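If you read the sequence shown in my numbering, its first letter stands for residue 233, the second for the next number, and so on.
Read through the structure below, which is laid out as structure tokens, and then see the notes.
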Amino acid sequence: MKNIPPNPRKRVHTFIKPEVPGKKKMRPCKRCYNKLRETVSSREADKKVRHVISCCDDCPQKPAYCLNCFNTGHI
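Here it is, written out as structure tokens:
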């Protein structure tokens, strides 16, 4: 009989807004930017994209997401 490891549980990702004193770094929402890039140029997408301070704490590069994109498209 094979030694089969149990199925790994899906990792629950957490949405955070960092509480940092001073000026907060605004970054473009990753999913909003990718959606805009399908139809417009990178310069136009940079101008139109939503900028946020929130991110996914469990992803390696801590990508920025708005709450709507995090809930609809992120694991």
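All residues carry an ideal CB built from backbone N, CA and C; glycine is no exception.
Owing to the predicted nature of the structure, the values given are computational and were not obtained by experimental measurement.
Nearest to residue i by CA position, among the options, is which residue?
i, options, result
"LYS280", "CYS298, LEU268 and ALA296", "LEU268"
"ASN300", "GLU276, CYS264, GLU270 and SER274", "CYS264"
"GLU251", "ASP290, SER286, TYR297 and ASP278", "SER286"
"LYS255", "CYS298, PHE302, VAL284 and GLY305", "VAL284"
"ASP278", "CYS288, THR246 and ASN266", "ASN266"
With a 10 Å radius around its C-beta and 16 neighbouring C-beta atoms as the bar for buried, classify residue i as buried or exposed.
i, result
"PRO260", "buried"
"PRO292", "exposed"
"ASN303", "exposed"
Does the ligand ATP have even one heavy atom less than 7 angstroms from the beta-carbon of residue i?
i, result
"PRO250", "What this structure holds is no ligand at all, so the ligand ATP is not there to describe."
Could you tell me which residues DSSP puts in a beta bridge with residue i?
i, result
"ILE248", "CYS287"
Considering only the beta carbon of each residue, do residue i and residue j sit closer than 8 angstroms?
i, j, result
"PRO295", "LYS249", "no"
"CYS298", "HIS245", "no"
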